[in-house]
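For the sequence shown, position 62 matches number 55 in the working numbering, and the numbering has no gaps at all.
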Amino acid sequence: MAPPVRPATSPRIAGDRGSRDGARATQPAIAVRGLDFAYPAPPGGMASPPIFRGFDWTVPAGARCLLLGANGVGKTTLLRLVAGKHLVSPDAVRVLGRPAFHDTGLTRRVAFIGSHFPLDADVAVREILDRRCPPGCPADPLARRDALIVALQVDREWHLHRLSSGQRRRVQLLLGLLDPAEVVLLDEVTADLDVLSRADLLSFLKDDSERHGTTVVYATHVLDGLTRWATHLCFLRPGSAGEGTRVRTMAPLADVEELMTLERSGSPAPLLELCERWLRDERAVQVAR
-6 MAPPVRPATS PRIAGDRGSR DGARATQPAI AVRGLDFAYP APPGGMASPP
44 IFRGFDWTVP AGARCLLLGA NGVGKTTLLR LVAGKHLVSP DAVRVLGRPA
94 FHDTGLTRRV AFIGSHFPLD ADVAVREILD RRCPPGCPAD PLARRDALIV
144 ALQVDREWHL HRLSSGQRRR VQLLLGLLDP AEVVLLDEVT ADLDVLSRAD
194 LLSFLKDDSE RHGTTVVYAT HVLDGLTRWA THLCFLRPGS AGEGTRVRTM
244 APLADVEELM TLERSGSPAP LLELCERWLR DERAVQVAR
């Protein structure tokens, strides 16, 4: 029988960052209310059906939330909306109490790391890091940089245009996480990583969350080892025609009874088994329609 799964507990937020943490403790990190969103029609083309219609979603401050669901259900779009990449009404998507699109100051407080990594020049990682952390840089940013370099096993002398996809991803994560953020959004960015790099990255993010109250939302299909890492689980399901995507589950892992039942039954991979079950349920519903 597999050892008992002990879902991660939410970190205590207040107490280590003064008044800012006190404010954060009283409001969610992410609040989506009545969101309506569809991609605009291409010139001369037909309008796309809405991805979200009257969509609600809340992520507590300091959570490490897994964002799961079938391909095409809207996980990437949701993360991009939270990151302020698409225009929506000020009250529809709020991050740290501020409108995600309209408050440009959030770019310094929210880190979004997705599939696109534009850098491909003949430049060494060392040169980029020296610009980001020049001589005389305070000790804390240097310590964070060095911890990320160790966790991701990045060689400072790597040249971007010579790297494999996995190495490029590690550099992307290093640069994306170099500056501390209050909200970190990760969209399928660990599929290219080897097992050790992924484990060390998740350990870094967990430590950041527990020490500083960082909120992490992690969209992924690679579920190994995440039951002890995540504090919350969000599973998106497709709605009926015209309804848009809906939240099937958004809860602390310990409150997801199906997951706890699988754990108690001795399932070697309870989160994977539950996700597969839910995906099959949603597929059956779609086929029946």
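Quick reminder that beta carbons are idealized off the backbone N, C-alpha and C, glycines included. None of the values given here were measured: they were computed from a predicted structure.
Give me the residue from the options with the minimum Cα distance to residue i.
i, options, result
"residue 113", "128, 136, 146, 164", "164"
"residue 207", "32, 33, 50, 58", "58"
"residue 68", "193, 262, 111, 179", "179"
"residue 31", "126, 139, 267, 237", "237"
"residue 156", "203, 118, 168", "118"
"residue 194", "87, 152, 142, 49", "142"
"residue 85", "280, 105, 45, 268", "45"
"residue 197", "171, 212, 213", "171"
"residue 145", "183, 256, 72, 42", "183"
"residue 149", "203, 173, 204, 116", "116"
"residue 268", "23, 212, 233, 234", "212"
"residue 56", "23, 97, 120, 258", "23"
"residue 270", "255, 34, 281, 280", "255"
"residue 199", "275, 257, 218, 97", "218"
"residue 203", "192, 70, 175", "175"
In whole angstroms, give me the CA-to-CA distance for residue i and residue j.
i, j, result
"residue 25", "residue 229", "14 Å"
"residue 20", "residue 160", "37 Å"
"residue 338", "residue 220", "In the structure as shown, the chain begins at -6 and stops at 282. Residue 338 is therefore absent and cannot be evaluated."
"residue 250", "residue 260", "14 Å"
"residue 64", "residue 132", "42 Å"
"residue 6", "residue 54", "Because the pLDDT of residue 6 is 36, which lies under 50, any placement of that residue in the model is unreliable, and the question is left without a value."
"residue 185", "residue 162", "7 Å"
"residue 225", "residue 243", "7 Å"
"residue 103", "residue 75", "9 Å"
"residue 190", "residue 36", "43 Å"
"residue 28", "residue 168", "31 Å"
"residue 89", "residue 240", "21 Å"
"residue 40", "residue 60", "27 Å"
"residue 129", "residue 101", "21 Å"
"residue 43", "residue 235", "7 Å"
"residue 33", "residue 98", "26 Å"
"residue 280", "residue 51", "30 Å"
"residue 257", "residue 122", "47 Å"
"residue 277", "residue 166", "37 Å"
"residue 72", "residue 262", "26 Å"
"residue 283", "residue 111", "Summary: the structure shown does not reach residue 283, with the chain confined to residues -6 through 282, and so no result is reported for it."
"residue 283", "residue 231", "Since the first residue of the chain shown is -6 and the last is 282, residue 283 is not available in this structure."
Using DSSP bridges, identify the partner residues of residue i.
i, result
"residue 239", "230"
"residue 210", "58, 178"
"residue 50", "25"
"residue 30", "45"
"residue 205", "BP columns for residue 205 are empty, so no partner."
"residue 40", "Answer is none; residue 40 lacks a bridge partner."
"residue 244", "226"
Using a C-beta cutoff of 8 Å, does residue i count as contacting chain D?
i, result
"residue 221", "In the structure shown, chain D cannot be found, because there is only a single protein chain."
Q. Where in the region 78 to 156 do unbroken runs of the beta strand (DSSP E), each at least 3 residues long, occur, reported from the N-terminal end onward?
A. Runs of the beta strand (DSSP E) lying entirely within the region 78 to 156 and spanning at least 3 residues, in chain order: 86 to 88, 103 to 106.
Q) If you pair each beta-carbon of the region 71 to 81 with each one of the region 134 to 143, do three or more pairs fall below 8 Å? A) No: the two stretches stay apart, fewer than three of their Cβ pairs being nearer than 8 Å.
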